[in-house]
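Following: one structure in structure tokens, then a few remarks.
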Amino acid sequence: MSKSKNGLTVKAVEHKKTPGYYADGGNLYLRVSKTFKKTWAFIYKRDGKRTEIGLGSVDDITLAEARIKRDGDAANGVRGLNELLRSGIDPLFEKQRQTNEDKAQRAKFMTFSQCADAYINAHRAGWKNPKHIQQWQNTLSQYAFPVFGDLDVKAIDTGLITKCLEPIWLTKNETAGRVRGRIESILDWATVHEYREGVNPARWRGHLDKLLAKQSKVQKTEHHKALPYMEINAFIGQLHRQDGIAAKCLEFTILTAARTGETIGATWDEIELDAKTWTIPAVRMKAEREHRVPLSADALTILNDMAAVRINDYVFPSTKKGLSNMAMLAVLKRMDRADITVHGFRSTFRDWAAESTAYPGEVVEMALAHAIKNLTEAAYRRGDLLEKRSRLMEEWARYCKTSRLNGDVVPINKAVKVAVQ
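The sequence shown maps to residues 7 to 427 in the numbering used here.
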């Protein structure tokens, strides 16, 4: 084994032009290729076999750095290739082992934003509509990514989580709660896939609940602005003076006590005119359970009107698809009724049913497609009370078109605020 004699100089390395190998000593060579490219090589014999290991280009590695690769640097804990040889270790095998370790390490490196994308892609098939996916992407992009989106997911700690959440915890608490839950789910995903280890710094119980105020203490309930049920007749009368598909859609939404997304996403294959039912698949329901809606005579009239102008598979179509979720709000704006919301009509219906009818609460709750919170009751509930709900919805439709006063005009006051899901 040759000793390190440092036979080359920086100037010599620069001026070597002829193809060949130029020894620096200690198995280190400058290699000039036939295309005049200069690289460093460590050449040694072991068990009678000559082996050459490339150390990199002269453009990237200086002579001094090449010598460190050869001799090592004890002060910085770097073992040289000649030291490996003296220890009985084949430098080529060691280099391959380190390369494989580096590849494995890089394979287990993912930024938080990359993990978020992977999590969303893994779950998008189970989420009921594209809006849900967009909400995840938007909230993470707005609040989480600016703080730690480009960091290795292993680096996410409690300090970064609180840095992300604290600015919005008191002012946008409901949003902040969703962001926290989404971060927690993504970090759990990363842990299961071995991109990080240890406890989840975004968990609430026993961790962030010690650092942040409870949501129930700071959260302001956002109520959907609803029309008092006594004024629904006058409102429907005004609505009938509005042209367009969106106005028809709004009236249908009111008559069925449906949610906006359920109505604008309704397709003709969900409608059974003969059976007078509208069956909404589980994938489009908030509770993720199929929901049958009994259709009143007035609701069927609207469907017949829409069938006469059918242009695609949507009951309430736009040019190539269904209406946007802003279409019915635009109708309310045209009617100068920005004081109420589409979702609020569910509260209007519920208040009417509670105060003006004798129907049991479970019938009304089922008409609203609310999940049964009592697990025992839910376990024993078999039917969907369709016949009773059919009578309820027919009475609701009749109430909507019946004047509450002697005249035909009912004064419309500012809306009250009532919460309903």
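Even for Gly, the Cβ is constructed at its ideal location relative to N, Cα and C.
From a predicted model like this one, the values you see are computed outputs, not experimental measurements.
Please confirm whether residue i and residue j have their CB atoms less than 8 Å apart.
i           : j           : result
residue 69  : residue 146 : no
residue 292 : residue 265 : yes
residue 399 : residue 373 : yes
residue 161 : residue 171 : no
residue 118 : residue 155 : yes
residue 232 : residue 346 : yes
residue 78  : residue 85  : yes
residue 319 : residue 273 : yes
residue 283 : residue 298 : yes
residue 48  : residue 92  : no
residue 189 : residue 167 : yes
residue 238 : residue 354 : yes
residue 88  : residue 32  : yes
residue 202 : residue 193 : yes
residue 97  : residue 50  : yes
Report the option in the options whose CA atom is closest to the CA atom of residue i.
i           : options               : result
residue 191 : 205, 88, 41 and 302   : 205
residue 258 : 311, 74, 394 and 363  : 311
residue 207 : 305, 164, 142 and 198 : 164
residue 260 : 301, 249, 392 and 215 : 301
residue 376 : 365, 356 and 407      : 356
residue 115 : 22, 326, 175 and 196  : 196
residue 187 : 20, 141 and 326       : 141
residue 323 : 269, 337 and 363      : 269
residue 332 : 106, 321 and 348      : 348
Consult DSSP for residue i and reduce its assignment to one of helix, strand or coil.
i           : result
residue 4   : Only positions 7 to 427 of the chain appear in this structure, which leaves residue 4 out of reach.
residue 37  : strand
residue 99  : helix
residue 32  : coil
residue 400 : helix
residue 234 : coil
residue 286 : strand
residue 26  : strand
residue 383 : With a pLDDT of only 48 at residue 383, under 50, the local geometry of the prediction cannot be trusted, and no value is derived from it.
residue 67  : coil
residue 5   : A question about residue 5 goes unanswered here, because the residues of the chain that appear run from 7 up to 427.
residue 18  : helix
residue 211 : coil
residue 337 : helix
residue 13  : coil
residue 187 : helix
residue 418 : Residue placement at residue 418 cannot be trusted, given a pLDDT of 41 that sits under 50; the coordinates are not used to answer.
residue 413 : Bear in mind that the predicted position of residue 413 carries a pLDDT of just 41, short of 50, making it too unreliable to give a figure here.
residue 370 : helix
residue 317 : coil
Assuming the contact rule is C-beta atoms closer than 8 Å, residue i and residue j should be a hit. Round their C-beta distance to whole Å, please.
i           : j           : result
residue 253 : residue 352 : Rounded, the Cβ-Cβ distance is 18 Å, inconsistent with contact.
residue 46  : residue 72  : 4 Å
residue 309 : residue 279 : 7 Å
residue 219 : residue 305 : No, residue 219 and residue 305 are not in contact; Cβ-Cβ is about 46 Å, not under 8 Å.
residue 25  : residue 40  : 5 Å
residue 149 : residue 198 : Residue 149 to residue 198, Cβ: 24 Å. No contact.
residue 169 : residue 159 : Their Cβ separation, rounded to whole angstroms, is 16 Å, which puts residue 169 and residue 159 out of contact at 8 Å.
Is residue i a contact residue of the ligand FAD, with contact defined as CB to any heavy atom under 7 Å?
i           : result
residue 119 : Absence of the ligand FAD is noted for the structure shown, with no ligands found whatsoever.
Name the DSSP beta bridge partners of residue i, please?
i           : result
residue 348 : Per DSSP, none; premise fails for residue 348.
residue 46  : 36 and 62
residue 158 : 117
residue 297 : 286
residue 441 : Examination of residue 441 is not possible in this model, given that the chain is present from 7 through 427 alone.
residue 52  : 55
residue 323 : 328
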